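Undergrad:
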Amino acid sequence: MQNTNKEIKLAHLLKSIPGFIVLMLCWSFATPIFEGPDEILHWQFAQFLHKNKTLPVYQPGFGEANSPPLYYFLISPVASETETPPFYIGKDGIGAVRSQDGIIHPRAYQVFQNKNSDFKKYWPIRIARIITILISIITILGCFLAGKEATGKASTGIITASFAALLPQFTFRCSHISNDSLVTALSGLTLFLLIIIHKRGFSWKHSIFLVCSISLAFLTKISAIIFIVPFIWVNFAYKESTAIKLKRILILTLLGLTIVSPWLIRNKFLYDDILAISQAEKAVPTIIRHKEITSEYFYTQFPALTYRSFIGTFGWMNINLPEWFYKAYLIIFIFALLGLLFNFRKSYADSLLLGILSSIIVLAFLLLIKINLMFNQPQGRYLFPALPAFALLIAVGFESLPFWRVSLTGIFISILFLLNIYALVFVQIPYYW
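Numbering-wise (the numbering used here), the sequence shown opens with residue 4 and increments by one.
#1: Kindly indicate which residue of LEU137, LEU26, ILE363 and THR154 has the alpha-carbon position closest to the one of PHE230.
#2: Based on the DSSP output, what are the partners of ILE136 in its beta bridges?
#3: On the criterion of 16 or more Cβ atoms from any shown chain inside 10 Å, does HIS179 qualify as buried, or is it exposed?
#4: Apart from the five residues on each side of it in sequence, which residues of its chain come closer than 7 Å, Cβ to Cβ, to PHE401?
#5: What are the start and end residues of each continuous beta strand (DSSP E) run of 3 or more residues lying completely inside the region 173-248, in chain order?
#6: With distances taken from CA atoms, which of LYS202, TRP207, GLN380 and LEU260 is nearest ILE217?
#7: Just verifying my parser: in three-state terms, what is the DSSP assignment at PHE368?
#8: With DSSP collapsed to three states, give me the class of PHE507.
#9: Under 9 Å between the Cβ atoms of TRP46 and ILE128?
#10: Go ahead and label PHE429 buried or exposed: buried means 16 or more other beta carbons lie within 10 angstroms of its beta carbon, across all protein chains shown.
#11: To which residues does DSSP link PHE90 through a beta bridge?
#12: Report the option in LEU427, GLY145 and ALA82 whose CA atom is closest to the CA atom of ILE133.
#13: Of all the options ILE200, LYS156, PHE345 and LEU371, which has the alpha carbon lying nearest to the alpha carbon of LEU356?
#14: Does the beta-carbon distance from ILE372 to PHE420 come in below 9 Å?
#15: Please name the residue in ILE268, PHE221 and PHE32 whose C-alpha comes closest to that of SER120.
#16: Using the Cβ count rule (16 or more neighbours within 10 Å means buried), how would you classify PRO405?
#17: With C-beta atoms as the reference, is PHE205 less than 9 Å away from ASN238?
#18: If you draw a straight line from the C-alpha of THR289 to the C-alpha of LEU169, how long is it?
#19: Just to confirm my understanding: we take ALA389, look at its own chain, exclude 5 residues before and 5 after, and list those with CB closer than 6 Å. What are they?
#20: What is the rounded straight-line gap between the Cα of ALA426 and the Cα of THR316?
#21: Have a look at ALA153 and GLY22 and give me their C-alpha separation to the nearest angstrom.
#22: Rounded to whole angstroms, what's the CA-CA distance from GLN431 to LEU324? Just pull it up for me.
#23: Can you check DSSP and say which residues form a bridge with ILE322?
#24: Identify whether ILE280 lies in helix, strand or coil by the three-state DSSP scheme.
#25: Starting from TRP436, trace the alpha helix (DSSP H) both ways and give me its first and last residue.
#26: Taking contact to mean 3 or more Cβ pairs, one atom from each stretch, closer than 8 Å, check whether the region 38-57 and the region 249-264 are in contact.
#27: If I measure Cβ to Cβ from ARG251 and keep anything under 8 Å in the same chain, skipping five residues before and after, which residues do I get?
#28: With H, G and I counted as helix, E and B as strand and the rest as coil, what does DSSP make of ASN36?
#29: What is the DSSP secondary structure of PHE65, reduced to helix, strand or coil?
#30: Give me whichever residues DSSP pairs with ILE291 in a beta bridge.
#31: Any chance the region 278-296 sits against the region 66-79, with 3 or more Cβ pairs inside 8 Å?
#32: Quick one: measure Cβ to Cβ for PHE122 and TRP30, integer angstroms, because I've assumed they're closer than 8 Å.
#33: Could you check what DSSP says for GLU10 in three-state terms: helix, strand or coil?
#34: What would DSSP say about PHE406, mapped onto helix, strand or coil?
#35: Are SER184 and THR256 close, meaning C-beta to C-beta below 9 Å?
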């Protein structure tokens with residue numbers, strides 16, 4: 004009887020995917036072309052790759068050329084020449100400007116113009132957006148599989164997938180051109196494979212898939228480097244000799260390096276820096292903001308803006324949700340935390356699993372701090388490699404609450420859905436249309 008219940012829940016998830024695609028399409032068409040952070044630069048990368056069949060060089064005018072190329076390879080076939088919207092100019096004559104290094108600096112309510120006739124235009128860009136939406140389906144499936152594997156309950160997978168899929172920032176960010184969609188999708192698969200190895204023990208098949216998933220995530224966005232730590236952790240958790248474990252890790256590491264090394268070697272030859280970080284001083288000097296970890300920025304602007312932009316800030320981080328919205332999500336997080344604490348108190352917890360999930364989140368946050376030592380980028384989307392792990396902690400937390408019943412799962416998901424619809428219908432659409 005229990006298996007039938009799980010199958011029904013999986014069937015419900017699969018049936019909900021077309022609805023999720025429709026929701027994402029609504030977000031995509033509600034967001035004017037290039038009214039997402041750096042969408043124009045992501046499109047520029049894909050167009051350069053489409054036209055020249057080679058990667059752009061990270062220099063003034065190519066602000067995203069330091070990004071790994073995998074996502075751009077996927078959308079480059081549709082990145083043909085097309086007209087683009089002009090800059091928005093407000094009634095006061097103030098608009099966005101592009102600096103000499105090609106970076107756009109918003110100075111108005113929006114950056115690019117939009118009008119109703121735009122729905123007939125820019126279809127190469129819109130098709131790339133649709134591809135990005137389809138990629139995000141992998142996130143849903145990865146989150147579901149990770150949740151189900153973690154607890155053995157399909158309901159955990161349903162909550163995990165729903166939380167990630169319905170987070171307003173996720174539906175906004177992954178409905179326009181951005182490598183965040185692919186790195187989150189691969190992070191979901193990576194989490195699933197980490198949990199499989201943790202639960203079932205070592206196997207070469209799962210470990211090879213895991214290394215491939217981490218490597219592809221890294222070739223999408225450098226921030227996926229955080230998965231190296233949980234990868235080593237799960238491999239060292241086995242009750243075997245250290246020599247055997249080290250041998251396995253060495254072999255798997257060589258496989259990963261084989262996958263990522265062509266891009267790293269290219270960077271070494273071009274910039275004398277395998278990650279091209281040092282090139283930023285030359286490529287994007289107008290956005291460099293060096294600071295110390297003790298800077299006032301890290302305990303004033305950074306925490307609040309990071310939290311809000313993880314939940315949802317739209318446009319070029321110029322569209323905020325109502326304050327009650329952020330408080331509603333804070334309440335969700337508090338209930339999840341209480342559930343996790345209750346889980347520990349009753350000794351139900353899988354401490355290693357919770358440690359793996361927590362390490363992913365902490366490492367993603369530390370990496371965000373590292374980025375902000377050089378730039379002012381308090382953007383929650385940089386935490387998206389940890390979104391599947393965070394969503395799973397939310398699911399485990401809620402299902403650990405003493406009063407939780409399976410019947411409450413549908414109510415919780417409905418609340419998440421209504422919050423997302425509110426953000427779309429009462430915030431995003433009225434702002435632009």
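Note that CB positions come from ideal geometry on N, CA and C, so glycine has one too. If you're wondering where the values come from, they're calculated on a predicted model, not measured in any experiment.
TA: Per the coordinate set shown:
#1: ILE363
#2: DSSP lists no partner for ILE136.
#3: buried
#4: ILE162, PHE338, ALA339, GLY342, TRP407 and PHE415
#5: none
#6: LEU260
#7: helix
#8: Because the chain is modelled from 4 through 436, residue 507 falls outside the range shown and cannot be assessed.
#9: yes
#10: exposed
#11: PHE115
#12: ALA82
#13: ILE200
#14: no
#15: PHE32
#16: exposed
#17: yes
#18: 35 Å
#19: ILE363, ILE364 and ALA367
#20: 10 Å
#21: 26 Å
#22: 9 Å
#23: PHE317
#24: coil
#25: Where TRP436 is concerned, there is no enclosing alpha helix (DSSP H), given that its DSSP letter is neither H nor E.
#26: no
#27: PHE205, SER210 and ASN238
#28: The displayed chain sequence assigns Ile, not Asn, to residue 36. Three-state DSSP puts ILE36 in coil, outside helix and strand.
#29: coil
#30: PHE378
#31: yes
#32: Not quite, the Cβ-Cβ distance comes to about 14 Å (not below 8 Å), so this is no contact.
#33: Note that GLU10 scores a pLDDT of 48, beneath 50, so its modelled location is shaky and nothing firm can be said.
#34: coil
#35: no
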